[in-house]
Amino acid sequence: MIDLLTALCLAVAFEGIAYAAFPDAMRRAMATILALPDQSLRRMGLVVAFLAVGLLYFLRSALITP
54 MIDLLTALCL
64 AVAFEGIAYA
74 AFPDAMRRAM
84 ATILALPDQS
94 LRRMGLVVAF
104 LAVGLLYFLR
114 SALITP
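Numbering-wise, the sequence shown is residues 54 to 119 according to the numbering used here.
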């Protein structure tokens, strides 16, 4: 559970840094995302989620193996 909370805090921190460092680029990115159809957003979300879980699995198995 602590790992999940740590990951969420890191995600929020990185997002905050992006908005602070590049506010215009973040506005443009949000406008682009808002213009995408729902199906594209779903597909992109699933791809990113699976890649993140796969990367997490790879890193955990590579770094924690005895």
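Quick reminder that beta carbons are idealized off the backbone N, C-alpha and C, glycines included.
Between the CA atoms of residue j and residue i - distance to the nearest angstrom
i: residue 91; j: residue 105; result: 21 angstroms
i: residue 66; j: residue 55; result: 16 angstroms
i: residue 110; j: residue 89; result: 30 angstroms
i: residue 108; j: residue 100; result: 12 angstroms
i: residue 82; j: residue 58; result: 26 angstroms
i: residue 102; j: residue 75; result: 24 angstroms
i: residue 63; j: residue 73; result: 15 angstroms
Secondary structure of residue i, DSSP reduced to three states
i: residue 99; result: helix
i: residue 90; result: coil
i: residue 111; result: helix
Taking the runs of the beta strand (DSSP E) that are 3 residues or longer, which of them lie wholly in the segment 54-93? none
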